[in-house]
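Asker: Read left to right, the sequence shown gives residues 65 to 257 (the numbering used here). Even for Gly, the Cβ is constructed at its ideal location relative to N, Cα and C.
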Amino acid sequence: MYGVIFDLLRSYVIERHGGRATWDALLDEAGIGYKVYFPVAQYPDEEIVKLATTASQMLKVPLTAVLEDFGKFVGPSLVTYYEMFVRPEWRTFEVLENASAKIHDAIHRYNPKRNPPELRATRIDDQHMKLTYQSDRKLCFVAKGIILGLSQKFGERIEVRETQCMHHGAQRCHFEITHHGDVSPQRRDEFWS
């Protein structure tokens, strides 16, 4: 797993769940101890699973809810982190359409050891998109959260429905995404407060 995801998990825990002391407690509770994650480094997938599972137990919240909320937090940050691959005029659908073809390919080219998820986005029309997600990590809950986080970043009202899931035996997860328009400027401010 990319170090940037661990770094964003640290930021997520610190910003949304009680600060640095909570992050340190999470590392201890997960049996990892003090550790600094470097964004460009590679870490074992099992470590992120252990941290997420432990966070779920500490928060007394289902793991799926923790992963989706983390995805919402991560979506906007990933656009900023990989801004060199994202055009300024892109919004949620464009980012999803280009994630695998441009962003993930470029990441893999710079570091062949990285194994990003496979995403295939098919736009049905201006309001509808189908997205398939495949990864050995099976972090489709994070993927759903990222989509919702992107929509908040771009001030869009988006609905995401998972119609097929690897956790239920499917080879890939399938999402139907519906764009219901933009959030009014007044409501948009609520997302950032």
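Closest to residue 214 by CA distance: which of 202, 69, 142 is it?
Answerer: It is 142 whose Cα lies nearest to the Cα of residue 214.
Asker: Going by the beta-carbon positions, is the gap between residue 156 and residue 222 smaller than 8 Å?
Answerer: Closer than 8 Å, so yes.
Asker: Count the C-beta pairs between the region 118 to 129 and the region 183 to 197 that are closer than 8 Å, then say yes if the count reaches three, no if not.
Answerer: No, because fewer than three Cβ pairs between the region 118 to 129 and the region 183 to 197 fall closer than 8 Å, the two stretches do not touch.
Asker: What does a CB cutoff of less than 7 Å around residue 259 pick up in its chain, not counting 5 residues either side in sequence?
Answerer: The shown model of the chain, from 65 to 257, leaves out residue 259, and the question about it has no answer.
Asker: Would you call the region 69 to 85 and the region 101 to 110 in contact, with 3 or more CB pairs under 8 Å?
Answerer: The region 69 to 85, when compared against the region 101 to 110, does touch it at the 8 Å Cβ threshold.
Asker: Given that a residue counts as buried once 16 or more other Cβ atoms are within 10 Å of its Cβ, and exposed if not, what is residue 129?
Answerer: By the 10 Å Cβ count, residue 129 comes out exposed.
Asker: Which residues bound the beta strand (DSSP E) around residue 191?
Answerer: Careful: residue 191 lies outside any beta strand (DSSP E) and carries neither H nor E.
Asker: Between which two residues does the beta strand (DSSP E) holding residue 228 run?
Answerer: Here the beta strand (DSSP E) through residue 228 covers 220 to 228.
Asker: Just to confirm the assignment: which complete alpha helix (DSSP H) runs, minimum length 4, are found wholly within the region 105 to 179?
Answerer: Entirely contained in the region 105 to 179, the alpha helix (DSSP H) runs reaching 4 residues are, in chain order, 109 to 123, 127 to 145, 156 to 162, 169 to 174.
Asker: For the beta strand (DSSP E) containing residue 90, list its first residue and its last residue.
Answerer: Not the beta strand (DSSP E): residue 90 falls in the alpha helix (DSSP H), residues 84 to 93.
Asker: Judging by CA-CA distance, which residue of 92, 193, 110 is the nearest neighbour of residue 158?
Answerer: Checked all of 92, 193, 110; the closest Cα to residue 158 is 193.
Asker: Just to confirm, is the Cβ distance from residue 139 to residue 241 under 8 Å?
Answerer: It is not a contact, given that the beta carbons lie outside the stated cut-off.
Asker: Mapping DSSP to helix, strand and coil, what is residue 254?
Answerer: Because the pLDDT of residue 254 is 48, which lies under 50, any placement of that residue in the model is unreliable, and the number read from its coordinates should be weighed accordingly. The answer is helix: DSSP assigns residue 254 an H, G or I state.
Asker: If you run the structure through DSSP and keep just helix, strand and coil, what is residue 183?
Answerer: Of the three classes helix, strand and coil, the one that applies to residue 183 here is strand, per DSSP.
Asker: How long is the line joining the alpha carbons of residue 237 and residue 197, rounded to whole angstroms?
Answerer: Roughly 5 Å separates the two Cα atoms.
Asker: Taking 8 Å as the threshold (beta carbon to beta carbon), is residue 213 in contact with chain C?
Answerer: Absent here is chain C; the protein component of the structure consists of one chain.
Asker: If you run the structure through DSSP and keep just helix, strand and coil, what is residue 76?
Answerer: Residue 76 falls in the helix class under three-state DSSP.
Asker: What is the DSSP secondary structure of residue 233, counted as helix, strand or coil?
Answerer: Note: residue 233 maps to coil in three-state DSSP.
Asker: Please determine, among 226, 92, 112, the residue with the shortest C-alpha to C-alpha distance to residue 68.
Answerer: For residue 68, the nearest C-alpha among the options comes from 112.
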